[in-house]
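Protein sequence lines correspond, in order, to chains A and B.
Counting from 1 along the first sequence, just add 87 to a position and that's the residue number in the working numbering.
Counting from 1 along the second sequence, just add 26 to a position and that's the residue number in the working numbering.
Here is the structure we will look at, set down as structure tokens.
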Amino acid sequence: MARIKDIISPFTAWKNVVKEPVTIKEPLKREAAPRYRGFHKNDVDTCIGCGTCESICQNAAIDMVPVEGIETKNGDSGLRPRIDYGRCCWCALCVDVCTTGSLSMSNHFKWVDSDPDVFRFIPGVDKKEWDNEPNGYKKPGPNYELYSKERVHMPELKPEERDKSFIEIVRGYSKEQAMKEADRCVECGICVATCPAHMGIPEYIKAIRNEDLNEGLRILYDTNPLPEVCGRICTHKCETVCSVGHQGDPLSIRWLKRYIADQNPAENYKKILETENITKNGKRIAIVGSGPAGLSAAHYLALMGYECTIYEKLPLPGGMMRYGIPEYRLPYEALDKDIDYIKSLGVEIICNVTVGKDITLDELHQQYDAVFVGTGLHVGRSTRIPGTDHPNVYQAVDLLREVTMGKEIPATQSIVVIGGGNVAMDITRTLARIQNQRYGKVNIITTSLESENEMPADREEIIEAREEGATIIPGWGPVKIEIENDKIKGLHVVKCVSVFDENRRFSPKFDENQTNFFAGDMVVESIGQGMDLSYLPESVKDNLKLDNRGRIVVNDYFQSSVNWLFVGGDIIQGPDVIHGIANGHKAAIGIDKFIKSSMKS
Amino acid sequence: MNTPLDNIRTVFPNADVWTQRQGLYHMSIPKEQLVALVTHLKEVEGYLHLVQLTAVDWIEKNLFQLTYILNNPIKKIDVMVKTFIPRDNPTMETIHHLWEQAATYQRELREMFGINFPGSPRVDKPFILEGWDDIPPYRRDFDTKKYAEETYFPRPGRETNDPKEYMKKKLYPDEI
Chain A
88 MARIKDIISP FTAWKNVVKE PVTIKEPLKR EAAPRYRGFH KNDVDTCIGC GTCESICQNA
148 AIDMVPVEGI ETKNGDSGLR PRIDYGRCCW CALCVDVCTT GSLSMSNHFK WVDSDPDVFR
208 FIPGVDKKEW DNEPNGYKKP GPNYELYSKE RVHMPELKPE ERDKSFIEIV RGYSKEQAMK
268 EADRCVECGI CVATCPAHMG IPEYIKAIRN EDLNEGLRIL YDTNPLPEVC GRICTHKCET
328 VCSVGHQGDP LSIRWLKRYI ADQNPAENYK KILETENITK NGKRIAIVGS GPAGLSAAHY
388 LALMGYECTI YEKLPLPGGM MRYGIPEYRL PYEALDKDID YIKSLGVEII CNVTVGKDIT
448 LDELHQQYDA VFVGTGLHVG RSTRIPGTDH PNVYQAVDLL REVTMGKEIP ATQSIVVIGG
508 GNVAMDITRT LARIQNQRYG KVNIITTSLE SENEMPADRE EIIEAREEGA TIIPGWGPVK
568 IEIENDKIKG LHVVKCVSVF DENRRFSPKF DENQTNFFAG DMVVESIGQG MDLSYLPESV
628 KDNLKLDNRG RIVVNDYFQS SVNWLFVGGD IIQGPDVIHG IANGHKAAIG IDKFIKSSMK
688 S
Chain B
27 MNTPLDNIRT VFPNADVWTQ RQGLYHMSIP KEQLVALVTH LKEVEGYLHL VQLTAVDWIE
87 KNLFQLTYIL NNPIKKIDVM VKTFIPRDNP TMETIHHLWE QAATYQRELR EMFGINFPGS
147 PRVDKPFILE GWDDIPPYRR DFDTKKYAEE TYFPRPGRET NDPKEYMKKK LYPDEI
């Protein structure tokens with residue numbers, strides 16, 4: 088019997104002849120699993136060329152290359168990743184780390200060609216058949232991150248702890264917090280171009296990670312001699328382009344800078360920065376104004392051996408950093424730490440001297456080898472609406488200056504502030520504190536032309552002002568101050584529908600049918616500041632080239648058309664501290680070139 | 027009703043057992059009891075197929091994780107059995123007597139992570155790396171990038187740009 092079965096059984100295999108084969112007919116057309124990691128795809132419009140994919144690639148398979156039609160601009164290097172598939176091991180770390188989420192992988196893996204060079208291409212730029220196919224590998228959901236997307240929270244005083252006093256609100260990072268925050272940086276360096284001073288941001292953040300805060304301080308001082316100040320009140324444009332910010336919170340670059348400056352004791356600065364012995368070169372430079380531009384110029388000139396004298400009109404140095412920015416944002420000790428170090432380099436600061444009155448610019452020109460002026464914007468602009476000539480209408484900058492000088496400033500029980508910038512927030516919050524101290528309650532309305540989202544003030548300033556009891560009502564244009572029996576009753580406003588025209592030029596449009604009235608017995612204007620150049624003598628004015636808007640024309644080194652006169656700071660660029668610092672630094676280099684070239688000739 | 031996991035919990039009270047989803051269980055157990063557990067899973071619970079044996083380097087904790095993936099072809103259930111062994115001088119009992127092909131996985135782990143499986147056939151023979159003289163390359167302290175740079179020649183035509191330097195060149199070439 089067994090023998091018969093042995094003979095018959097092979098024939099049973101014949102039944103398979105009509106069955107569908109299980110082998111794959113055309114292996115080259117077989118599709119991979121949906122999440123297979125195949126050739127890359129890149130959304131080049133979302134990609135910012137940060138190069139983090141290149142940095143993480145363990146096989147050095149990625150190059151960052153320029154691409155025609157993609158422009159290098161703020162926040163985008165203009166480079167795009169090119170992948171060498173002779174090296175790629177398909178691990179997908181580049182996809183996992185991609186800061187913008189532009190990079191992904193298709194599930195295409197079959198490609199035969201006799202030319203090895205075709206296997207090196209720029210995904211998304213060199214078009215491929217899989218570019219628009221949905222399958223492939225993408226970064227898995229939100230719990231899979233190679234770096235934290237959340238910023239380390241900065242400890243701050245609660246509103247009720249701060250709304251009656253001028254003590255500093257932001258408390259600063261601890262070592263543990265700073266290390267954790269620094270760990271989020273991918274070191275791409277996209278931020279550096281956006282910083283007006285082009286600070287070595289990735290490098291100083293790395294110094295925090297390496298626990299080498301002396302090195303951190305040296306990196307800060309390479310480009311910025313006011314790190315305590317900038318670590319607190321910089322407008323931090325860098326953070327707006329941070330690659331990590333594309334899919335999470337941007338790095339807290341400003342607070343990390345402050346951490347480095349705070350942790351280095353003032354008495355060690357000269358040793359750390361190796362400025363204990365500076366050889367003087369015998370040349371003398373006069374600087375008018377001790378704001379960020381003047382101090383920065385003085386610092387870098389002093390390092391080059393110049394003897395610098397700063398003339399300051401007000402009783403103490405610092406300019407707007409002292410007399411504009413309130414103490415709760417920038418305490419005087421922090422400012423003095425930066426200024427005292429600059430003084431320790433031999434920079435002389437003479438206060439209470441007004442150039443143009445106590446000493447003329449011409450005299451400075453005769454006594455010194457070159458002059459730098461950074462006199463800033465200290466004259467408040469008026470809306471010039473009816474009623475602004477009333478004595479209870481003030482300029483924000485004037486009041487802020489008087490607060491710093493320790494004067495008793497007028498603050499009535501109900502105040503209206505006009506303006507939506509940081510100065511408006513500064514005066515609002517300062518007056519709110521004074522109201523709270525004097526009357527135990529805050530009654531202040533701040534109104535701006537700009538709508539909530541367009542207000543030029545920093546977001547946190549607006550939020551914190553509201554937390555402190557101020558009422559911020561954006562989107563209204565002032566029309567008239569209502570005065571009855573010589574007393575201010577309030578401010579009439581109309582709805583502002585748009586502030587800028589299509590070319591982003593200032594051209595407010597109003598809806599006259601929508602009106603409003605903000606009651607108050609005092610009005611503060613804070614719509615911007617102008618410059619006072621009355622100290623320029625006729626001899627200089629006649630030769631000084633101005634542009635069509637009345638601004639002094641300077642070259643790349645902030646040298647004016649009067650060759651011994653260099654100009655920088657808010658009157659040229661800004662207004663902010665970091666532009667002033669950058670201007671001062673460049674002017675210092677320009678002054679050095681100017682003096683060396685005039686020595687030769 | 028007793029679920030399959032309850033049986034495991036009863037027999038191996040030291041095992042940490044949980045369900046990820048239907049048809050996928052996880053078990054974690056001290057290394058001394060691992061072979062007993064996988065033997066039980068194969069012989070009693072019907073997990074006849076060894077899908078994979080692999081390792082993870084938890085360098086921060088100074089541990090290697092070993093993961094044995096088993097499959098019950100009748101019930102269509104996968105189970106991931108995990109155990110941790112010290113990273114220094116790592117040794118684990120062999121399971122080649124349960125599944126012959128485990129010897130191949132163990133040879134691979136010996137080569138790529140340096141984990142020894144005494145008694146496993148040919149465990150010390152080179153697996154895919156010929157003439158390797160560095161630390162096992164799947165260990166996280168192995169610097170893959172450095173190795174790649176030192177070992178492989180750069181392909182002609184390759185050039186790259188640092189985003190920060192490139193942006194300076196393009197946007198502010200004359201500034202300091």
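Cβ atoms here follow ideal geometry from the backbone N, Cα and C, with glycine treated the same way.
Beta-carbon spacing of residue i, residue j below 8 Å
i, j, result
"L487(A)", "T517(A)", "yes"
"I149(A)", "C137(A)", "no"
"D427(A)", "A353(A)", "yes"
"T109(B)", "P163(B)", "no"
"K293(A)", "G318(A)", "no"
"Y393(A)", "A373(A)", "no"
"A511(A)", "V504(A)", "yes"
"W342(A)", "M241(A)", "yes"
"I320(A)", "L417(A)", "yes"
"R468(A)", "G617(A)", "yes"
"I347(A)", "L300(A)", "yes"
"D94(B)", "V70(B)", "In the sequence as presented, Asp is not what sits at residue 94(B); that position holds Tyr. No, these two residues do not count as a Cβ contact at 8 Å."
"N146(A)", "C175(A)", "yes"
Closest by C-alpha distance to residue i, when choosing among the options
i, options, result
"P478(A)", "E420(A), D573(A), L190(A)", "D573(A)"
"E363(A)", "K197(A), L631(A), Q453(A), S431(A)", "S431(A)"
"I306(A)", "I359(A), H323(A), G667(A)", "I359(A)"
"S626(A)", "R636(A), D619(A), V649(A)", "V649(A)"
"I532(A)", "N540(A), E541(A), Q522(A)", "Q522(A)"
"G493(A)", "N351(A), P413(A), Y172(A), H672(A)", "P413(A)"
"A128(B)", "E185(B), P56(B), Q59(B), P147(B)", "P147(B)"
"A457(A)", "V375(A), A519(A), D545(A), V466(A)", "V375(A)"
"P203(A)", "E232(A), N230(A), Y172(A)", "Y172(A)"
"Q78(B)", "Q59(B), I85(B), V107(B), I55(B)", "V107(B)"
"E216(A)", "W198(A), C272(A), Q454(A)", "W198(A)"
"D130(A)", "P153(A), P210(A), D93(A)", "P210(A)"
"V152(A)", "I143(A), P168(A), T159(A)", "P168(A)"
"R249(A)", "I665(A), G655(A), R468(A), E551(A)", "E551(A)"
"G165(A)", "P199(B), Y198(B), M193(B), E201(B)", "M193(B)"
"D188(B)", "E243(A), A280(A), L244(A), K251(A)", "A280(A)"
"T534(A)", "P543(A), S96(A), D663(A)", "P543(A)"
Start-to-end residues for the alpha helix (DSSP H) that takes in residue i
i, result
"D309(A)", "300-310"
"P565(A)", "Segment 563-571 is the beta strand (DSSP E) holding P565(A); no alpha helix (DSSP H) there."
"T170(B)", "170-177"
"W342(A)", "340-350"
"M138(B)", "128-138"
"T533(A)", "Taken as a continuous stretch (DSSP letters only), T533(A) belongs to no alpha helix (DSSP H), being part of the beta strand (DSSP E) at 531-535."
"S142(A)", "139-143"
"C317(A)", "314-320"
"R516(A)", "509-526"
"H386(A)", "379-390"
Supposed close pair residue i, residue j - CB separation, criterion 8 Å
i, j, result
"I560(A)", "V610(A)", "With a Cβ gap of about 14 Å, I560(A) and V610(A) do not count as contacting."
"A119(A)", "F208(A)", "Going by Cβ atoms, the distance from A119(A) to F208(A) rounds to 19 Å, so no, they are not a contact pair."
"D150(B)", "R136(B)", "7 Å"
"N40(B)", "Q59(B)", "6 Å"
"K567(A)", "P473(A)", "5 Å"
Enclosing beta strand (DSSP E) for residue i [first to last residue]
i, result
"T109(B)", "103-112"
"K596(A)", "593-606"
"I372(A)", "371-375"
Any 3 or more C-beta pairs closer than 8 Å across the segment 248-264 of chain A and the segment 213-231 of chain A: no
Stretch pair the segment 484-499 of chain A + the segment 600-609 of chain A: three plus CB contacts closer than 8 Å: As far as the Cβ criterion goes, the segment 484-499 of chain A touches the segment 600-609 of chain A, which means the pair count is three or higher.
Segment contact, 8 Å Cβ cut-off, at least three pairs: the segment 70-81 of chain B with the segment 90-98 of chain B: yes
Contact between the segment 275-295 of chain A and the segment 578-590 of chain A (3+ Cβ pairs under 8 Å): no
Cβ pair count under 8 Å reaching 3, the segment 299-319 of chain A against the segment 383-395 of chain A: yes
Contact the segment 102-118 of chain A vs the segment 151-164 of chain B: 3+ CB pairs below 8 Å: no
At least 3 beta-carbon pairs within less than 8 Å: the segment 531-547 of chain A vs the segment 640-657 of chain A: no
Three CB pairs or more closer than 8 Å across the segment 268-279 of chain A and the segment 176-184 of chain B: no
Inter-stretch contact (C-beta, 8 Å, three-pair minimum) for the segment 439-447 of chain A and the segment 619-633 of chain A: Flag = yes, the segment 439-447 of chain A and the segment 619-633 of chain A touch.
Cβ pair count under 8 Å reaching 3, the segment 176-187 of chain A against the segment 320-337 of chain A: yes
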